Amino acid sequence: MDAANGSTRKYSRTLSAVFLTILSAFICRQLTKNDILPPMFIRPLGLIRSILYMGLFFAWGITLKRRIVHRVVRRYLIGVDGLILFWLIVRTLKFHILTIRFAVRYMWYLYYLPMLFIPMCGVVIALLLGKPLDWRVPKRTFILWGVTLLLFLFVITNDLHQKVFVFPTDQGFFEWSDKDYGYATVYYLAIVWQIICTLLALFLMLRKCRVPQTRRLMTLPLIPPALAIIYIYAYWNRYDWLMTLFGDLTVTQSILYALTFEICIQCRLIASNMRYDELFRAVTGCSAQITDNDYNVRYAALDAEPFSRETLVSSEKTPILLPDHRLLYNMPINGGHAIWTEDVSELIKRGVETQEVKAELEERNSLLRYEYTRDKKRRKIEEENRLYDMLRNVTQQQIDKIAVRVDEYQASDKNSDEARRTLARIAVLCGFIKRRRHLALLNYRNYDIPAA
2 MDAANGSTRK YSRTLSAVFL TILSAFICRQ LTKNDILPPM FIRPLGLIRS
52 ILYMGLFFAW GITLKRRIVH RVVRRYLIGV DGLILFWLIV RTLKFHILTI
102 RFAVRYMWYL YYLPMLFIPM CGVVIALLLG KPLDWRVPKR TFILWGVTLL
152 LFLFVITNDL HQKVFVFPTD QGFFEWSDKD YGYATVYYLA IVWQIICTLL
202 ALFLMLRKCR VPQTRRLMTL PLIPPALAII YIYAYWNRYD WLMTLFGDLT
252 VTQSILYALT FEICIQCRLI ASNMRYDELF RAVTGCSAQI TDNDYNVRYA
302 ALDAEPFSRE TLVSSEKTPI LLPDHRLLYN MPINGGHAIW TEDVSELIKR
352 GVETQEVKAE LEERNSLLRY EYTRDKKRRK IEEENRLYDM LRNVTQQQID
402 KIAVRVDEYQ ASDKNSDEAR RTLARIAVLC GFIKRRRHLA LLNYRNYDIP
452 AA
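Below, the structure written as structure tokens:
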């Protein structure tokens with residue numbers, strides 16, 4: 002709540018400063034009217050008034066640079082602010098510095114540079130809303146630039162053709178001024194073009210509004226342009242009360258232009274980084290907090306819970322697991338720390354389930370390994386028995402012959418020639434059995450037998 006009150010107080014101070022600046026400048030203008038002060042004070046007060054307005058719009062440009070999120074939109078808005086400052090500088094030169102009619106007249110012509118290009122920039126800004134940073138402005142927008150530039154060229158070269166302002170025929174070139182003139186066709190085209198660009202920009206901004214809450218405020222951005230149109234009509238008819246109170250076209254139009262864009266920012270039609278503190282307070286479920294370097298809470302979410310300083314210091318190096326299965330994070334930021342929690346109870350639950358599954362799989366794998374080892378031994382024994390039976394079958398005839406020869410040898414005289422021949426036959430049969438079994442094994446193992 003302290004942060005919210007601080008933000009509100011800061012906003013109120015800003016509005017008060019803007020109001021006091023405009024009021025001071027307004028008082029300076031009124032003091033220079035109706036011979037309230039001696040003539041010697043008119044120029045100093047006029048310069049002070051110009052400085053106040055230029056300082057106000059210069060400060061507004063600085064805030065635009067800080068607030069606007071979209072880079073290209075920010076560039077165009079700063080360009081609008083630059084055009085307003087240019088307008089004020091030209092106005093100051095026209096009324097307080099220059100005295101030659103020719104130069105003063107061209108300062109008056111230069112008014113139409115911001116008057117034409119500011120509404121056109123508003124259309125481009127409206128087209129850029131909601132687009133990515135790499136989005137290119139369509140080529141058809143060059144038509145806007147072309148028409149605006151053409152109208153401005155008509156104004157700045159009015160002395161050659163008088164299609165915008167018409168001067169009396171009985172005056173010479175160096176006598177023409179903004180005190181005595183009439184309007185021509187291109188002037189009305191320029192006014193209509195300003196109105197079209199202003200309304201088109203607002204229509205595009207309102208159509209692209211994506212925040213439902215702001216739809217109730219959609220009429221608010223229309224108020225300054227409507228006032229600008231009414232003001233132009235009244236200024237054209239030169240009503241006495243208007244010329245007395247708001248006769249400064251430059252200042253009035255500049256304020257209305259700036260007010261239009263500022264209302265669009267406040268209504269969130271133009272994306273900005275305002276009210277981030279409100280957004281931060283609306284975050285729930287993570288006890289989000291922002292502290293200074295001494296861990297004094299500066300911003301906190303609505304559901305943020307207090308943590309002891311010792312706990313916060315301990316969480317600087319590594320997140321801390323809280324008793325309720327939440328991790329406490331501490332991230333250093335510029336000027337302090339960002340504190341938040343993350344519920345990891347589901348992860349812990351999944352971790353326990355994973356450990357149980359792991360133990361079950363390990364037990365199952367042990368059983369499978371035992372079954373595999375036992376089956377391997379059984380198959381080995383079966384294979385050995387099969388090989389034994391195979392070798393016995395291929396040499397059984399020779400084994401039987403050896404048995405017969407052994408019986409003959411036992412029955413004969415051991416020293417006789419017949420006994421020695423019997424032993425020789427037995428040896429040949431044994432050698433045959435050995436080689437025959439080798440050949441059988443080689444054939445079983447699929448070995449290649451050399452030819453030699």
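All the letters of the sequence shown, read from the start, carry residue numbers 2 to 453 under the numbering used here.
Positions of the beta carbon are idealized from the N, C-alpha and C atoms, including for glycine.
As the structure is a computational prediction, the values presented were derived from the model and not from experiment.
Residue state for Pro222 is assigned as helix, using DSSP reduced to three classes. Taking Lys66 as the centre and dropping the five residues before and after it, the same chain places the C-beta of Arg75 and Ile79 closer than 7 angstroms to its C-beta, in chain order. In this structure, Met275 is the residue among Asp414, Met275 and Thr261 with its C-alpha nearest to the C-alpha of Arg68. Taking the Cα positions, Asp325 is about 13 angstroms away from Ser288.
Membership of His338 in the beta strand (DSSP E) is indicated by the continuous run Gly337 to Asp344. Asp160: member of the alpha helix (DSSP H) spanning Asn159 to His162, first to last residue. Going by beta carbons, Pro226 and Thr186 fall outside the 7 angstroms limit. Per DSSP, the beta-bridge partners of Ala301 are Gln290. Annotated three-state conformation of Asn274 is coil, per DSSP. By the Cβ neighbour-count rule, Gly47 is buried, with 16 or more other Cβ atoms within 10 Å of its own.
Taking 7 angstroms as the cut-off, the Cβ atoms of Tyr258 and Ile119 count as close. Its Cα nearest to that of Thr245, the residue Thr33 stands out among Arg10, Leu442 and Thr33.
Beta-bridge annotation (DSSP): Gly183 is paired with Val167.
Nearest to Gln31 by C-alpha distance, out of Phe143, Ala60 and Trp242, is Trp242. Runs of beta strand (DSSP E) with 3 or more residues, each lying fully within the segment 372–452, are absent. Contact annotation: the segment 80–96 touches the segment 108–123, with at least three C-beta pairs closer than 8 angstroms. CA-CA distance, Ser255 to Arg106, rounds to 20 angstroms.
When DSSP states are grouped into helix, strand and coil, Arg106 belongs to the helix group. Buried is the label assigned to Pro115, since at least 16 other Cβ atoms lie within 10 Å of its Cβ. Note: Leu328 is bridge-paired with Leu322 and Glu343 in the DSSP secondary-structure output. The secondary-structure analysis by DSSP pairs Pro333 across a beta bridge with His338.
Of the candidates Phe166, Val138, Lys140 and Gly131, Gly131 places its Cα closest to the Cα of Leu207. Secondary structure of Ile98 (DSSP, three-state): helix. Nearest in C-alpha terms to Leu94, of all of Leu111, Ile427 and Asn444, is Leu111. Within 10 angstroms of the beta-carbon of Arg380 lie fewer than 16 other beta-carbons, which makes it exposed.
Cβ-Cβ separation between Asp160 and Pro169: approximately 14 angstroms, too far for a contact (criterion under 8 angstroms). With fewer than 16 other CB atoms across the displayed protein chains lying within 10 angstroms of its CB, Gly352 is exposed. Here Asn394 is exposed, its C-beta having fewer than 16 other C-beta atoms within 10 Å. Here the alpha carbons of Ile233 and Tyr300 stand approximately 47 angstroms from one another.
Ranked by Cα distance from Ile224, the first of Leu200, Phe281 and Ala235 is Leu200. Pairing Val345 with Gly336, the inter-Cα distance amounts to about 29 angstroms.
By DSSP's assignment, Ile69 forms a beta bridge with Ser273. Ile43 and Cys265 have their alpha carbons spaced roughly 37 angstroms apart.
With a 10 Å radius around the Cβ and a threshold of 16 neighbouring Cβ atoms, Trp194 comes out buried. Here Glu306 is exposed, its C-beta having fewer than 16 other C-beta atoms within 10 Å.
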